[in-house]
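Have a look at the structure below before the remarks.
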Amino acid sequence: MINETSSVFLLTSKKNHYKIYRLNCDGTVKSIFVNIFNSPLKDELVEYEEIRFQLGYELNNDEIWKIDNFNIPQEICSALEYPDTIDLYSPADKTGLTVDGYSIKCLFMGEIVENKPRIVFQRFEQSQIFKRKRPSIIYKNNIFTQNNDFCLNLLERPDAVYYDGTFKFINYTNANKVLPLGNYYREATQEEVDSFKAASTFAFEDESVFDKYAVAHNVRGQIAKILDSKVLEEHSAEDLKRKAHEYSIEINVQDNKIIMPTTKKEIKYFLVFLSEKIYKGPLSGKTLISSSTREKEE
1 MINETSSVFL LTSKKNHYKI YRLNCDGTVK SIFVNIFNSP LKDELVEYEE IRFQLGYELN
61 NDEIWKIDNF NIPQEICSAL EYPDTIDLYS PADKTGLTVD GYSIKCLFMG EIVENKPRIV
121 FQRFEQSQIF KRKRPSIIYK NNIFTQNNDF CLNLLERPDA VYYDGTFKFI NYTNANKVLP
181 LGNYYREATQ EEVDSFKAAS TFAFEDESVF DKYAVAHNVR GQIAKILDSK VLEEHSAEDL
241 KRKAHEYSIE INVQDNKIIM PTTKKEIKYF LVFLSEKIYK GPLSGKTLIS SSTREKEE
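Here UniProt numbering is used: the first residue of the sequence shown is 1, the next is one more, and so on.
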């Protein structure tokens, strides 16, 4: 458990550069941070199953994402081991920027467990900086006084935990604000989207409709999954048409090419089919769409 002897750190950023600062706290504030960073990532999440982070799967209430062999910046581990060598954070203006132009990206605390760093992270939002657009007064010792001091609001719980090479989290968006996770999340690049469109399986009546739909991150994730599965290479247009019909999805095939649907709804269901997010209910026999896909473990 993180205790009162642990330091509170800020990871700050400026473009693609990072710098770590230490937060100078009194005893009361340190206790607040200790309570926050010892909190679970989610209410009542004591026992949980760790799921390898992957595209297209939605966590259940008792599950948590994990990324093994996570590349943690060495500067973060060094700060934990040698906290006294880290500069104290001091805001240079009301936006929280440091004098050299770095902004707060996340907060973290940690401990050494069996000679390995265990680090708990919490994202930082600009909305946590208390902005005084009007005169601000504070009541203390039976009198109101003006207060122009720099002030931060704190979130209630952490967003991610790192230990022994594994990075654990629940919410991808929040964890990505702590440390960049782009290398661990497969999303089709624009070149891959173009390659998908150029597949010999497809013909387009109006590419602009598809292009607008393919801007979304989740759609690019589906396209990446389809490309990686090589389903377009292993199945002909007529084969895909037959299989789609079994799930009440009608595909228009002309000259051995699938005519890409021209409405957002039709494109959605077509990609759902290709990315295998559609199935028959084992009892009802109804066609169902899943928001998650994860292979059953043996």
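From the three backbone atoms N, C-alpha and C, an ideal C-beta is built for every residue, glycine too. Please read these numbers as outputs of a predicted model, since none were measured by experiment.
Restricting attention to 264, 271, 171, the CA atom closest to the CA of residue 61 is found in 171. In the structure shown, the three-state DSSP call for residue 237 is helix.
Within the same chain, and ignoring the five residues on either side of residue 245 in sequence, the residues whose Cβ sits closer than 8 Å to its Cβ are 251. Fewer than three beta-carbon pairs drawn from the region 46-53 and the region 138-155 are found closer than 8 Å, and the two stretches are therefore not classed as touching.
Distances from the alpha-carbon of residue 53 to those of 73, 25, 66, 140 put 66 closest.
CA-CA distance, residue 228 to residue 84, rounds to 48 Å. Taken through DSSP and simplified to helix, strand or coil, residue 221 comes out as helix. The beta carbon of residue 188 sits closer than 6 Å to those of 220, 223, 224, all from its chain and outside the five residues before and after it, given in chain order.
Beta-bridge partners assigned by DSSP to residue 17: 14. Within its own chain, the residues whose Cβ lies closer than 7 Å to the Cβ of residue 104, once the five positions on either side in sequence are excluded, are 10, 12, 96, 124, listed in chain order. Using a Cβ-Cβ distance cut-off of 8 Å, the region 74-94 and the region 25-43 are not in contact, since fewer than three pairs of beta carbons, one from each stretch, lie closer than that value. Listed in chain order, the non-local C-beta contacts of residue 263 below 8 Å within the same chain comprise 209, local neighbours out to five positions each way being set aside. Approximately 5 Å separates the beta-carbon atoms of residue 162 and residue 119; this is inside 8 Å, confirming the contact.
Cβ contact annotation for residue 117 (same chain, cutoff 6 Å, sequence separation greater than five): 77, 80, 110, in chain order. For residue 167, DSSP records a beta bridge to 67, 162. In the three-state reduction of the DSSP assignment, residue 196 falls in the helix class. Collapsing the DSSP output to three states places residue 287 in a strand. Contact annotation: residue 159 and residue 178 have beta-carbon atoms nearer than 7 Å. In the three-state DSSP reduction, residue 181 falls in the coil class, being neither helix nor strand. A distance below 7 Å between beta-carbons, with the five flanking residues on each side excluded, links residue 175 to the following residues of its chain, in chain order: 159, 160, 169, 181. The beta carbons of residue 154 and residue 32 sit about 7 Å from each other, so the pair counts as a contact at 8 Å.
DSSP places residue 82 in no alpha helix (DSSP H); its state is neither H nor E. The C-beta of residue 260 has 16 or more other C-beta atoms within 10 Å across all chains shown, which makes the residue buried. By the C-beta density criterion, residue 34 is buried, having at least 16 other C-beta atoms within 10 angstroms.
At least 7 Å separates the beta-carbon of residue 289 from that of residue 247. With fewer than 16 other Cβ atoms from the protein chains shown falling within 10 Å of its own Cβ, residue 216 counts as exposed. Annotation for residue 256: 237 place their beta carbon closer than 6 Å to its own, counting only its chain and skipping 5 residues before and after. The alpha-carbon of residue 200 is positioned some 9 Å away from that of residue 233.
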